[in-house]
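All remarks here apply to the structure that follows.
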Amino acid sequence: MTDRPVVLIPRKLTAAVLERANENYNVIVNDDDHVFPREELIAACQNVDAVLPCHSEHFSADVIAALPDRLKIIANHSVGVDHVDLDAAKARGIVVTNTPDVLSDATAEIAILCMLGAARRGSEGDRMVRDGRWNFWSPAFMVGRQVTGRRFGVLGMGRVGQVTADRARGFGMEVHYHNRSRLSPDKEKGAIFHDSVESLLAVSDVLSLHCPTTPDTIGMINADTLAILPDRAILVNTARGALVDEDALIAALKSGRLFAAGLDVFRTEPGGNPELASLENVFMLPHIGSATFETRDAMGFRALDNLDAFFSGGAPIDRLV
Ligand code: 8YV
Numbered sequence: 001m002t003d004r005p006v007v008l009i010p011r012k013l014t015a016a017v018l019e020r021a022n023e024n025y026n027v028i029v030n031d032d033d034h035v036f037p038r039e040e041l042i043a044a045c046q047n048v049d050a051v052l053p054c055h056s057e058h059f060s061a062d063v064i065a066a067l068p069d070r071l072k073i074i075a076n077h078s079v080g081v082d083h084v085d086l087d088a089a090k091a092r093g094i095v096v097t098n099t100p101d102v103l104s105d106a107t108a109e110i111a112i113l114c115m116l117g118a119a120r121r122g123s124e125g126d127r128m129v130r131d132g133r134w135n136f137w138s139p140a141f142m143v144g145r146q147v148t149g150r151r152f153g154v155l156g157m158g159r160v161g162q163v164t165a166d167r168a169r170g171f172g173m174e175v176h177y178h179n180r181s182r183l184s185p186d187k188e189k190g191a192i193f194h195d196s197v198e199s200l201l202a203v204s205d206v207l208s209l210h211c212p213t214t215p216d217t218i219g220m221i222n223a224d225t226l227a228i229l230p231d232r233a234i235l236v237n238t239a240r241g242a243l244v245d246e247d248a249l250i251a252a253l254k255s256g257r258l259f260a261a262g263l264d265v266f267r268t269e270p271g272g273n274p275e276l277a278s279l280e281n282v283f284m285l286p287h288i289g290s291a292t293f294e295t296r297d298a299m300g301f302r303a304l305d306n307l308d309a310f311f312s313g314g315a316p317i318d319r320l321v
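Quick note, the sequence shown lines up with residues 1 to 321 if you use my numbering.
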């Protein structure tokens, strides 16, 4: 079976995904699941026809320039593709795919967890009980913000944004959104469209970020835009850390202008931001938006669907480049 395509899978995927991958491909895995540094990634890609990476593998222009001609497709195990230089891939004729849809439910769950954790002081309370510091109770103790009936602002009303909006509706929240283009009424479901970011921010008691990182969106949540939010608003970010100027976020959280933040993503990953970590009014998770058993299987299968389509001469459904 030497004519089977060789596929590099640089991170640990589920047993079911690996089993299916092995049915059709000669698979190279990374046994200890370490993140390949640049040189190791380039070296590991030299004798393969395809790679199935996560967002932890950075295919910058210089890495793409060093890929062999035989490598024809980067089938990502992620919806976000900011770790791949799409222009460089296109210039080399390398197909790039992602895994939309299948992670929307899981990521929306984490967005709601971040919202509630921030609004109801989840991290502060958990640590107090866990550390044995819970030695007092009063009606004035650990009072947080109630989200029921408040305005839920969605910045980027794509698939994840739409599912998260649905979940927020379950709390009786009024959904507002900004998106590059207005959605059709069946997708909008009564949500109120804002044709500018500023207009959305002005009414967002909770602002949830769901847009991709592009040169236009990097740092879009900064001192100027945070100042537009209603007093004591809550910021939720399950998209990408680069959307937020973390120094400006820290200042807004310290001043109390922003009530709290719920963050699953950071500028520096892994690791996060120690100064954010020192603030009681931040609820944080280590980029686990799509980390459910069901979704990990579905993401791997979707990436394999794209590989299968490509190697059988068809068009991968999630082809970006
Ligand atoms: C994953 C994500 O953590 O899909 C994305 O863009 O950020 C997350 O779902 C990751 O990329 C899995 O490879």
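Where a beta carbon is used, it is the ideal one built from N, C-alpha and C, also for glycine.
Reduced DSSP category for residue i - H, G, I as helix; E, B as strand; rest coil
i	result
residue 140	coil
residue 57	coil
residue 269	coil
residue 1	With a pLDDT of 44 at residue 1, under the threshold of 50, the predicted position of this residue should be treated as unreliable, and no value is reported.
residue 129	helix
residue 171	coil
residue 237	strand
residue 315	coil
residue 160	helix
residue 7	strand
residue 18	helix
residue 302	helix
residue 155	strand
Cβ pair residue i, residue j closer than 8 Å
i	j	result
residue 97	residue 79	no
residue 17	residue 48	no
residue 226	residue 242	no
residue 233	residue 195	no
residue 108	residue 148	no
residue 173	residue 197	no
residue 303	residue 309	no
residue 236	residue 89	no
residue 210	residue 154	yes
residue 245	residue 223	yes
residue 95	residue 319	yes
residue 10	residue 30	yes
residue 75	residue 307	yes
residue 128	residue 134	yes
residue 54	residue 77	yes
residue 142	residue 183	no
Distance between beta carbons of residue j and residue i, contact taken as under 8 Å
i	j	result
residue 104	residue 159	5 Å
residue 264	residue 279	The pair is not a contact, with the Cβ atoms about 16 Å apart (cut-off 8 Å).
residue 321	residue 86	5 Å
residue 260	residue 140	Actually they do not touch by this definition, with Cβ atoms about 18 Å apart.
residue 240	residue 213	4 Å
residue 57	residue 83	7 Å
residue 176	residue 192	5 Å
residue 151	residue 203	5 Å
residue 289	residue 238	5 Å
Any non-hydrogen atom of ligand 1 closer than 7 Å to residue i Cβ
i	result
residue 289	yes
residue 80	yes
residue 103	yes
residue 211	no
residue 45	no
residue 54	yes
residue 194	no
residue 77	yes
Proximity test, residue i beta-carbon vs ligand 2 heavy atom, cut-off 7 Å
i	result
residue 309	For ligand 2, the structure offers nothing, since it holds only ligand 1.
**Report entry** Within the segment 21-101, ranges of the alpha helix (DSSP H) (whole runs, at least 4 residues)
**Finding:** For the segment 21-101, the continuous alpha helix (DSSP H) assignments of 4+ residues that do not extend past its boundaries occur at 38-44, 61-65, 86-91, in sequence order.
Report task. For the segment 241-291, list the alpha helix (DSSP H) runs that are entirely contained and at least 4 residues long, ordered along the chain. Result -> Scanning the segment 241-291 for uninterrupted alpha helix (DSSP H) segments of 4 residues or longer gives 246-255, 274-277, listed from N- to C-terminal end.
Query raised in the report: In the segment 184-242, which residue ranges form an unbroken alpha helix (DSSP H) of at least 4 residues, counting only runs that do not cross its ends?
Result: Look at the segment 184-242 and you find these whole runs of alpha helix (DSSP H), each 4 residues long or longer: 185-188, 197-201, 223-226.
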